[in-house]
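A short write-up of the structure that comes next.
Protein chains in written order, with my numbering: chain A, 17 to 227; chain B, 3 to 278.
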């Protein structure tokens, strides 16, 4: 016989999974739009706002479940993690919006070298996919890959910043826009790592030490 | 819903469990391989557990798991039931209360007990209920008795509500007041440990909240043990929690850890309501 709380937990899980799908799509669209030189700010802003509202709804439902059923043990850990993860998904939306804004600020960037951004973008998208799969399937081993994947994005960003110091003034637009986008991708990768960190916590209560 | 889980299936063994590996002198009372029976019914199996001084320890578990029996062994009330017996040690300040020549009455004076249903002496006044234990111990001086009654009622957060009604019958009080009267009665003889067996199960939420506040204040002076079916109550009032199942101590640790991150699968299943 299902517990009364299970109805609320299932609803919470579905809301978080909806957020996962939307946030993945939002980030992916923002990165692709930059690479293709398309201005999709309005669409991405709309999705980002939707994610923010969904995060509020997840928080409200989580608080309601806590107040009504006073969950403990793995139920409590799952609810806490849903709140953390939904915040991460909401941040994905916000950074995707920031990425899409770059074209608005700088205009045509088609002459800029996009190698680093494409590489970091692909890695960030992959990290979001992995983090969502690990969270959905409670796969601790899969989640453990995220830290190494995060290092790849960190290194691309740092290398770009170091190289930027030697760029000429003529290349300034590409350097600043590239730095901004890579910074946003680096933050997206961090949040994907945090999503992954909730997996061992949900499963066994183990909290990873954050760097 | 799973009704019963066999310990054999889970391959669990009773093992000595003490919170946070504290040095032995920090435990006000502890048991070593405590076993208890009602006739042939073996209700406690090799329980080794320590209650830390000036902390609240909660005991949780499904009905019939041995919670009440465990605390009744801590002040030798278990043996009052015909056919009941114990084996193992209960060390109060490192002295075995089941040792030869130990007077059970003196143990019960040091280890007070409050029960599920408020049970003031029905024919006695509020004052006499509180003073009863002292009078039994030979205290006759009115000044001493007056002071002890006031102190005990104040400690039980009841003084302000009954100070003008000390001559009224204890039974005339509300259920929550009666339970606090029983706590005052237990406190009057200045015990070192207060044990409570589901002290709020017959009380409304307001009276329950008052008892819970009282428990929090009592631990400043006493070591407190509470048996409760209400897991949220255990989470609210206790520093340490022990989970018993079929007479065995399954898990024992800091309340926060046990409720957020139980180590044993059986504890997890009980806490999350997957059996009971």
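Ideal placement from N, C-alpha and C gives every residue a C-beta, glycine not left out.
Interface annotation, residue 274 (chain B): in contact with chain A, CB-CB separation under 8 Å.
What residue 234 (chain B) touches in chain A, judged by beta-carbon distance under 7 Å, is 86, going in chain order. When DSSP states are grouped into helix, strand and coil, residue 183 (chain A) belongs to the coil group. Between residue 215 (chain A) and residue 124 (chain A), the C-beta spacing is not below 8 Å. When DSSP reads this structure, residue 244 (chain B) sits in a beta bridge with B:61 and B:254. In the structure shown, the three-state DSSP call for residue 113 (chain A) is helix. When Cβ-Cβ separations below 8 Å define contact, residue 39 (chain A) makes no contact with chain B.
The distance from the Cβ of residue 34 (chain A) to that of residue 70 (chain A) is about 7 Å, consistent with a contact at the 8 Å cut-off.
For residue 29 (chain B), the enclosing beta strand (DSSP E) starts and ends at 29–40. Look at residue 143 (chain A) here: in three-state DSSP terms it is helix. Going by DSSP, residue 72 (chain A) is part of no beta strand (DSSP E) but of the alpha helix (DSSP H) stretching over 57–85. Here residue 89 (chain B) carries a strand assignment [DSSP, helix/strand/coil]. Residue-level contact check: residue 89 (chain A) touches chain B, since one or more beta carbons of chain B fall below 8 Å from its beta carbon. The three-state secondary structure of residue 231 (chain B), taken from DSSP, is coil. When Cβ-Cβ separations below 8 Å define contact, residue 70 (chain A) makes no contact with chain B. Annotated as distal: residue 208 (chain A) and residue 133 (chain A), with beta-carbon spacing of 8 Å or more.
In the DSSP assignment, residue 54 (chain B) is bridged to B:29.
Cβ-Cβ distances below 8 Å link residue 126 (chain B) to 134, 171 and 172 in the same chain, with the five nearest sequence neighbours on each side left out; the list follows chain order. For residue 98 (chain B), the pairing in a beta bridge is given by DSSP as B:93. Under DSSP, residue 198 (chain B) takes part in a beta bridge, and its partners are B:116 and B:228. Here the alpha carbon of residue 158 (chain B) sits roughly 54 Å from the alpha carbon of residue 65 (chain A). For residue 262 (chain B), the nearest CB of chain A lies under 8 Å from its own CB, placing it at the interface with that chain. Restricting attention to B:60, B:73, B:205 and B:150, the CA atom closest to the CA of residue 255 (chain B) is found in B:60. Using a Cβ-Cβ cut-off of 7 Å, residue 92 (chain A) is close to 262 of chain B, given in chain order. Cβ proximity to chain B below 7 Å picks out 221 from the segment 212–225 of chain A.
Contact of residue 200 (chain B) with chain A is not assigned, every C-beta pair being separated by 8 Å or more. Within chain A, 86 and 88 have C-beta atoms less than 9 Å from the C-beta of residue 237 (chain B), given in sequence order. Here residue 46 (chain B) carries a strand assignment [DSSP, helix/strand/coil]. Every alpha helix (DSSP H) stretch that sits fully inside the segment 104–151 of chain B and reaches 4 residues is listed by chain position as 106–112 and 128–138. By the neighbour-count definition (other C-beta atoms within 10 Å, threshold 16), residue 235 (chain B) is a buried residue. Annotation: residue 253 (chain B) has no Cβ neighbours in chain A at a cutoff of 7 Å; minimum Cβ distance is about 11 Å. Legend: CB atoms of the segment 18–35 of chain A lying less than 7 Å from CB atoms of chain B belong to residues 19. When the five nearest sequence neighbours on each side are left out, the beta carbons in the same chain lying within less than 7 Å of the beta carbon of residue 122 (chain B) are those of 131, 172, 173, 180, 183 and 184, in order along the chain.
Contact between residue 99 (chain A) and residue 139 (chain A) is absent: CB atoms are separated by about 26 Å, not below the 8 Å threshold.
Residue burial annotation: residue 121 (chain A) is exposed, with fewer than 16 other C-beta atoms found within 10 angstroms of its C-beta.
Taking residue 67 (chain B) as the centre and dropping the five residues before and after it, the same chain places the C-beta of 246, 247, 248 and 249 closer than 8 Å to its C-beta, in chain order.
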